[in-house]
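Numbering-wise, my numbering puts 144 at position 112 of the sequence shown, and it's gapless, one number per residue.
We put the beta carbon where it would ideally sit given N, CA and C, even for glycine.
Beneath this line is the structure, given in structure tokens, with notes to follow.
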Amino acid sequence: MTESPRPDIATAARVVVKVGSSSLTTAAGEIADQAIAALAAALAARHHAGTQVLLVSSGAIASGLVPLGLTRRPNDLATQQAAASVGQGLLIARYTAAFATHGIRTGQVLLSADDLMRRTHYRNAQRTLDRLLELGVLPVVNENDTVATDEIRFGDNDRLAALVAHVTRAKALILLSDVDGLYDGDPRRGQAQRIAEVRDQADLDGIKLGRGLKAGQKSQGTQGSHGSQGSPSSQGIGGMATKVEAAMIASAAGIPVVVAEATSAPSALAGEAVGTYFAGHGRRPATRLLWLKHAAVARGSLHLDKGAVEAVVTRRASLLPAGITGVEGSFDAGDPVNLYDENGAIIARGLVNYDASEIPGLMGRSTRWLASKLGPEYEREVVHRDDLVILC
Numbered sequence: 033m034t035e036s037p038r039p040d041i042a043t044a045a046r047v048v049v050k051v052g053s054s055s056l057t058t059a060a061g062e063i064a065d066q067a068i069a070a071l072a073a074a075l076a077a078r079h080h081a082g083t084q085v086l087l088v089s090s091g092a093i094a095s096g097l098v099p100l101g102l103t104r105r106p107n108d109l110a111t112q113q114a115a116a117s118v119g120q121g122l123l124i125a126r127y128t129a130a131f132a133t134h135g136i137r138t139g140q141v142l143l144s145a146d147d148l149m150r151r152t153h154y155r156n157a158q159r160t161l162d163r164l165l166e167l168g169v170l171p172v173v174n175e176n177d178t179v180a181t182d183e184i185r186f187g188d189n190d191r192l193a194a195l196v197a198h199v200t201r202a203k204a205l206i207l208l209s210d211v212d213g214l215y216d217g218d219p220r221r222g223q224a225q226r227i228a229e230v231r232d233q234a235d236l237d238g239i240k241l242g243r244g245l246k247a248g249q250k251s252q253g254t255q256g257s258h259g260s261q262g263s264p265s266s267q268g269i270g271g272m273a274t275k276v277e278a279a280m281i282a283s284a285a286g287i288p289v290v291v292a293e294a295t296s297a298p299s300a301l302a303g304e305a306v307g308t309y310f311a312g313h314g315r316r317p318a319t320r321l322l323w324l325k326h327a328a329v330a331r332g333s334l335h336l337d338k339g340a341v342e343a344v345v346t347r348r349a350s351l352l353p354a355g356i357t358g359v360e361g362s363f364d365a366g367d368p369v370n371l372y373d374e375n376g377a378i379i380a381r382g383l384v385n386y387d388a389s390e391i392p393g394l395m396g397r398s399t400r401w402l403a404s405k406l407g408p409e410y411e412r413e414v415v416h417r418d419d420l421v422i423l424c
């Protein structure tokens, strides 16, 4: 038997597979039963071979459009949530039926951004997913679009899939869509070549992913993103830029990734040389830190003096009240905030331990002085180093 060119994919004991809306719906926006059946067959084969498989599926909003008489994805959040409410039930029903023909039970898991940022929440999500897999159930995961707001949503399921792979300690991530990999240019123009393998950031230098984004560069706001290499996506919101970003998130945490066409799912799962392969490297950081760096939306900002910047960036120390020169925004204790240097450049992001209204009274003061005047509960960091990621 010939060895797979990607043995880490072929032999992975736990695999997360993500499929996009465009691969699940027809041109009219209806659920494509044949596509779901084909995907279920591919995942069932890997499941029966002894691999634990998790499916992260888009398509809830798209599935709810036709039943609600909508001709295209709505722009307003309330209608998106209404469509997701209707479509989620339809989508999971199709998956349940499709996997049942292979003797596999499914379980629906809806996650919000908070579920993967706050420790108690993501530990609960982790336990649930682990237990489903132990029971032989194939979890079908989606963002909880019915309650997510623009401020606290993942923005696209590619990023959600990368975080789920991290939370569940998966050994591989497969991102499926209507494109067959990453190209070094627009395949509709000229002689663009598919990139077979990405080993590190240097392999992406000079590659643009539509809307002026270079490969590996984080998209600032994924709502309304374009599809493959700049082509519009009628149902989904995640394009190639979000897939590359998700692949870099996962691969930097040691999880190998394949970006491939949905019709190539069996080959991708078998470790064959389809799509674009992102080699896993690095160590897995804490889940909340991964979220903070790649997906969290800051609720406010703190401005730091030179000494505090040096302490946070160079010495990897916690942020203390004495080094804060300004505060902006409205946030509560536990919310993510951005940290800025004296020149207004963002240097870090962290989970703050105080409400925004409390911080002006603490700025420039030592924790010892604050504890003596206000009580021992004020002898704590504004942002603890364990809840902080460096961005510069």
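Reduced DSSP secondary structure (H/G/I, E/B, other) of residue i
i	result
H258	Since pLDDT at H258 reaches only 32, below the 50 mark, its modelled position is unreliable, and the value read off the structure follows with that caveat. Note: H258 maps to coil in three-state DSSP.
P264	Summary for P264: the model assigns pLDDT 36, below 50, so the residue's position carries little reliability; its value from the coordinates is reported in the next sentence. The answer is coil: DSSP assigns P264 none of H, G, I, E or B.
T128	helix
T319	helix
Y410	helix
D367	coil
E277	helix
A44	coil
S251	Confidence in S251 is poor, its pLDDT being 42 and thus under 50, which makes the residue's placement too unreliable to answer from.
H416	strand
E342	helix
A72	helix
V118	helix
R226	strand
G31	Any question about residue 31 goes unanswered here, given that the chain covers just 33 to 424.
T57	strand
Residue from the options with nearest C-alpha to residue i
i	options	result
L87	E409, V172, D65 and R397	V172
A202	L165, A343, Y410 and L423	L165
A300	H198, Q66 and L71	L71
H134	G168, T43 and R347	G168
A42	I63, L205 and Q66	L205
P353	E342, L334 and A197	L334
V48	Q233, L394 and P288	P288
F363	G339, R331, Y154 and L143	R331
E360	L423, R347 and D387	D387
R78	A45, A193 and A403	A45
L336	A116, G366, I391 and G303	I391
L236	S209, G271, Q223 and E277	E277
L192	L143, G366 and Q225	L143
Q140	A73, Q66, N176 and L406	N176
Beta-carbon proximity check, residue i vs residue j, cutoff 8 Å
i	j	result
K275	D190	yes
T57	G91	yes
L420	A377	no
R397	A349	no
V414	T319	no
S36	E304	yes
Paired residues, beta bridge with residue i - DSSP
i	result
V291	L207 and T308
R231	BP columns for R231 are empty, so no partner.
K50	V88 and L207
T138	L170
E17	Given that the chain is displayed from residue 33 to residue 424, the structure contains no residue 17 and the question cannot be resolved.
R381	N370 and V421
L440	With the chain covering only 33 through 424, there is no way to say anything about residue 440.
Contact test: residue i Cβ vs the ligand ZN heavy atom, cutoff 7 Å
i	result
G366	As presented, the structure is devoid of all ligands, the ligand ZN included, so that no description of it is given.
Counting beta carbon pairs with one atom in the segment 96-116 and one in the segment 128-137, are three or more of them shorter than 8 Å?
no
Say whether the segment 203-213 touches the segment 275-293, bearing in mind that this needs 3 or more beta-carbon pairs closer than 8 Å, one atom from each stretch.
yes
Using 8 Å as the threshold, is the segment 222-234 in touch with the segment 310-330, meaning 3 or more CB pairs across them?
yes
When you compare the segment 113-123 with the segment 154-163, are there three or more beta-carbon pairs, one atom per stretch, that lie closer than 8 Å?
They do not touch, by the three-pair rule.
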